[in-house]
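Shown next, in structure tokens, is the structure this report addresses.
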Amino acid sequence: MSFSKIGVVGLGTMGAGIAEVLARGGLPVVGVEIDDAALTRGRGHLEKSTGRAVGRGRLTEEGRREILDRVALTTAFADLAGCDLVIEAVPERLELKRRVFAELDKVCRADAVLATNTSSLSVTEIAVSTGRPEQIVGVHFFNPAPVMRLVEVIGTVLTGPGHVGRVADLVAGLGKTPVVVGDRAGFVANRLLFGYLNQAANMYADGHATREDIDTAMRLGGGLPMGPLTLMDLIGLDTCLEVLEAVYRESRDRRHAAAPVLRELVTAGLLGRKTGRGFYSYG
Ligand code: CAA
Numbered sequence: 001m002s003f004s005k006i007g008v009v010g011l012g013t014m015g016a017g018i019a020e021v022l023a024r025g026g027l028p029v030v031g032v033e034i035d036d037a038a039l040t041r042g043r044g045h046l047e048k049s050t051g052r053a054v055g056r057g058r059l060t061e062e063g064r065r066e067i068l069d070r071v072a073l074t075t076a077f078a079d080l081a082g083c084d085l086v087i088e089a090v091p092e093r094l095e096l097k098r099r100v101f102a103e104l105d106k107v108c109r110a111d112a113v114l115a116t117n118t119s120s121l122s123v124t125e126i127a128v129s130t131g132r133p134e135q136i137v138g139v140h141f142f143n144p145a146p147v148m149r150l151v152e153v154i155g156t157v158l159t160g161p162g163h164v165g166r167v168a169d170l171v172a173g174l175g176k177t178p179v180v181v182g183d184r185a186g187f188v189a190n191r192l193l194f195g196y197l198n199q200a201a202n203m204y205a206d207g208h209a210t211r212e213d214i215d216t217a218m219r220l221g222g223g224l225p226m227g228p229l230t231l232m233d234l235i236g237l238d239t240c241l242e243v244l245e246a247v248y249r250e251s252r253d254r255r256h257a258a259a260p261v262l263r264e265l266v267t268a269g270l271l272g273r274k275t276g277r278g279f280y281s282y283g
């Protein structure tokens, strides 16, 4: 592997999924959260996901224990000092990410590469908030990270030679497929996917068809694993809104002007699966 010890900051859905992928690949991981309650939630994500794999006969209980043991959980940023790569996966707020990167800049080895899992913010803006912009890359996993095979690896105009390639090698070594993309809002996959998702939200709100029929049409007619409204509930409607706003800001393409129904649901706190209700309700 091109890195030997990897830190993950933020153990929400994405961060915990990324930590699991790394630990499954045999790498020691340091997982950081802000407090004990968040750390407990992070541990819960890891236990649930690996437990599901055991339940499906994809992993032995012993294999699961080894994976969980490879992830050292902590609330101390200083514990990242021995990592040669740190992947940040905190909520999509630029100010928060900049604070995290300023802290990483202080505690991490001078030669450590720092990566962001942002799906909508500018990697360049994050890079310039550190004293080592040439060592900042984007590494964008998809939800659910343990299952989805694609990872976008993003280099900025400031990224030094070799770092993108090293991160892409790591991704390949983990059994995923890397694609190398430039720092444009939405990168490649979200830039193409979200115009479609947004249109589905508008169709639903316009009464074009029921939510079930919109989803069935694309699942069976488009050969997709999930229909668009179910997928948005999985991604999180707040994340969907953030991605659309970022892409719209850059592209000014009306396809990315967020559907009013999406904004309405987010304002109401109905964020999809993670809150129990979005386009659908979850028991
Ligand atoms: N965590 C870990 N594993 C999971 C999981 C999760 N949250 N959800 C499902 N799985 C695993 C299951 O254990 C199962 O594994 P095995 O085949 O090894 O037994 C496998 O995934 C299939 O799961 P299920 O049979 O339960 O359900 P499914 O066949 O409907 O698959 C799905 C579920 C993988 C989520 C599938 O529906 C799918 O691929 N959906 C599309 C997801 C997608 O498009 N994601 C990208 C969103 S965009 C994004 O993430 C970018 C961004 O920046 C917002």
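Counting from 1, one number per residue, gives the positions in the sequence shown under the UniProt record's numbering. All residues carry an ideal CB built from backbone N, CA and C; glycine is no exception.
Check: Inter-residue Cα distance where the pair is A189 and I214; Outcome: 21 angstroms
Check: Residue span of the beta strand (DSSP E) that contains residue 284, given as start and end; Outcome: It is not possible to answer for residue 284, since the shown part of the chain is limited to 1 through 283.
Check: N-terminal and C-terminal residue of the alpha helix (DSSP H) that A127 is part of; Outcome: V123 to A127
Check: Nearest candidate by alpha-carbon position, reference R58, set A127, P146 and V9; Outcome: P146
Check: Contact shell at 5 angstroms, judged by CB to any heavy atom of ligand 1, ordered along the chain; Outcome: S49, R52, R56, R58, S119, F142, N143, P144, P146, V147, P225, M226 and I235
Check: Residue range of the unbroken alpha helix (DSSP H) whose run includes E61; Outcome: E61 to R70
Check: Rounded separation between A16 and N202 - CA only; Outcome: 32 angstroms
Check: Coarse secondary structure for A19, derived from DSSP in three states; Outcome: helix
Check: Sub-8 angstroms separation of G138 and T116 beta-carbons; Outcome: yes
Check: Alpha carbon of L231 to alpha carbon of F194, nearest angstrom; Outcome: 11 angstroms
Check: Cβ shell of V107 (< 8 angstroms), same chain only, five flanking positions each side left out; Outcome: F77, A78, L80 and A81
Check: E212, enclosing alpha helix (DSSP H) - first and last residue; Outcome: R211 to G221
Check: Contact check, A19 vs V71, beta carbons under 8 angstroms; Outcome: yes
Check: Residue nearest to R65 in terms of C-alpha spacing, selected from T74, T75 and S49; Outcome: S49
Check: Rounded separation between L39 and L104 - CA only; Outcome: 18 angstroms
Check: Sheet register partners of E245 (DSSP bridge); Outcome: BP columns for E245 are empty, so no partner.
Check: Sub-8 angstroms separation of A123 and V9 beta-carbons; Outcome: Position check: residue 123 holds Val in this sequence, whereas Ala was assumed. For V123 and V9, no; Cβs fall outside 8 angstroms.
Check: Contact set for D35: own chain, Cβ-Cβ below 7 angstroms, skip 5 residues either direction; Outcome: T75
Check: Top-ranked residue by Cα proximity to V171, from T13, G12 and A23; Outcome: A23
Check: Selection from I67, G42, L68 and G165 that minimises the alpha carbon distance to S2; Outcome: G165
Check: Coarse secondary structure for L96, derived from DSSP in three states; Outcome: helix
Check: Cα-Cα separation, E62 to P144; Outcome: 23 angstroms
Check: Per DSSP, cross-strand counterpart(s) of A115; Outcome: I87 and V137
Check: First and last residue of the uninterrupted alpha helix (DSSP H) at V157; Outcome: Where V157 is concerned, there is no enclosing alpha helix (DSSP H), given that its DSSP letter is neither H nor E.
Check: Coarse secondary structure for P161, derived from DSSP in three states; Outcome: coil
Check: N- and C-terminal bounds of the alpha helix (DSSP H) containing P228; Outcome: P228 to I235
Check: When V167, G175, A53 and E264 are compared against V181, the one with the closest alpha-carbon; Outcome: V167
Check: Cβ-based neighbour list, E242, same chain, cut-off 8 angstroms, excluding 5 preceding and 5 following; Outcome: E92, S119 and S120
Check: Beta-carbon proximity check, A259 vs G186, cutoff 8 angstroms; Outcome: no
Check: Neighbour-count burial assignment, P161, 16 or more Cβ in a 10 Å radius; Outcome: exposed
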